[in-house]
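If you want my numbering, it's the 1-based position in the sequence shown plus 4.
What follows is a single structure, written as C-alpha cells, with notes after it.
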Amino acid sequence: MCSEAGWSEVKIEAMAQRQTTGDVQAGGGLSGRFPGAGSLCENCGYSLEGLSGDQDCPECGLAVRDSSPALRPGLAWQRGMGLGSWLKTSARMVAGPGAGYRQLRVGGSNFRDRLYLASFVVGLGLAVWLGLRSYGVGLRQARLWFVIVITGVPVATYTEALGVAFFSRRARGWRVPFELAERVACYAAVGWVPAILLMTVAQVLVDRGYVLDWWNPAWGRYTLLTDVILSSVLFGVSILWFEMLVWLGIRKVRFANVP
Ligand SMILES: [Zn+2]
C-alpha cells in the first residue's frame with residue numbers, strides 16, 4: 005500500500021492535470037478549476053477564491069491543495085456498484101469512517117447512495133428475520149420485525165438527515181444542504197447494526213420468557229412503563245454509533261468542494 009503522502013501526491017498530480025485540461029478548455033463549463041469561485045478551505049471554511057494551489061489557507065494554514073475536490077474520489081460504492089464495492093464501503097465505515105467520509109464525493113445524484121442504504125436495510129431485515137427464525141421465534145413475529153427494520157431504519161435515517169440539514173443551515177458557513185446530509189446518513193447505515201442486534205436479542209428473550217425471570221421483584225413491579233423506559237434507554241444507547249457516524253461525516257463534508 006502507498007503511504008498517505010504518496011497517495012496525496014498522486015491525487016494532486018491528477019488535480020494538476022485536470023487544471024491544465026481546464027485551462028485548455030477555457031470558457032467551457034466543465035473546467036473543474038480549483039480553487040475557483042465558491043471553493044472553501046475544507047478545514048475552516050475560509051473562501052479560497054483568488055488563491056493558488058501552492059498557497060496555504062490564510063485562516064488556518066492548511067495547504068490550499070488539501071481542499072481540492074480531487075481528494076474526494078468517492079467511496080468504493082460511489083465509484084462503481086457491486087458486491088465487492090458494497091463490502092469495501094461497509095468495511096470502511098466500520099474501520100475508518102473518518103477517512104471514508106474524507107473521500108466522500110459530494111454533488112451529483114444521490115441515486116447510488118440511496119441504493120446503498122436500501123440494500124443495507126434489506127440485508128439487515130433479512131438477517132433479523134433469519135436470526136429470529138433460527139432461534140425459534142414465530143413466523144408472524146419475525147415478519148413483523150422484518151417490516152419494522154425495512155421501514156424504521158429509512159425513516160430514522162431521513163429524520164436524522166433533515167435534522168442535520170436544519171442544524172447546518174444555522175451553523176456559520178457550513179455547506180450541508182439536505183442532499184448532502186442525506187448522503188452522509190445513507191453511508192452511516194452500518195451504525196444501525198447494534199440497535200437492530202439488540203432488538204433481535206430482546207425479542208428472542210421475550211419470546212422465551214426470560215425477561216420476567218431476569219426482573220428482580222425486590223425492585224418493584226415489572227410494568228409496561230418499566231418496559232418502555234428500559235427499551236428507550238437501551239435503544240438510545242444503541243443508536244449512538246449511527247449518530248456518531250453521521251456527525252463525524254458532517255464534520256468531514258461541511259466545507260467540502262464540489263468537483
Ligand atoms: Zn483554513
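The C-beta atom is built at its ideal place from N, Cα and C for all residues, glycine as well.
No experiment lies behind these values; they were computed from the predicted model shown.
Sequence-distant residues of the same chain with beta carbon closer than 6 angstroms to residue i, five excluded per side
i, result
"residue 195", "245, 246, 249"
"residue 185", "165, 168, 169"
"residue 157", "125, 196"
"residue 83", "none"
Selection from the options that minimises the alpha carbon distance to residue i
i, options, result
"residue 167", "99, 75, 119, 188", "188"
"residue 105", "78, 117, 120, 111", "78"
"residue 112", "181, 255, 59", "181"
"residue 40", "69, 209, 162, 213", "69"
"residue 253", "107, 58, 217", "107"
"residue 129", "114, 141, 151, 143", "151"
"residue 132", "208, 61, 116, 159", "208"
"residue 53", "47, 64, 65, 37", "37"
Cutoff 7 angstroms; reference residue i; Cβ partners in own chain excluding five residues on either side
i, result
"residue 110", "76, 184, 257, 260, 262"
"residue 239", "199"
"residue 55", "39, 68"
Where residue i falls: helix, strand or coil (DSSP)
i, result
"residue 160", "helix"
"residue 58", "coil"
"residue 72", "coil"
"residue 185", "helix"
"residue 87", "helix"
"residue 51", "strand"
"residue 192", "coil"
"residue 260", "coil"
"residue 79", "coil"
"residue 143", "helix"
Close beta carbons around residue i, own chain, < 8 angstroms, minus the five adjacent residues each side
i, result
"residue 204", "132, 135, 136, 149"
"residue 116", "81, 82, 85"
message: Which residues neighbour ligand 1 when neighbourhood means a C-beta less than 6 angstroms away from any of its non-hydrogen atoms? List them by chain order.
response: 45, 47, 48, 50, 61, 63, 64, 66
field: Cβ contact (3+ pairs, closer than 8 angstroms) linking the region 114–122 and the region 200–214
entry: no
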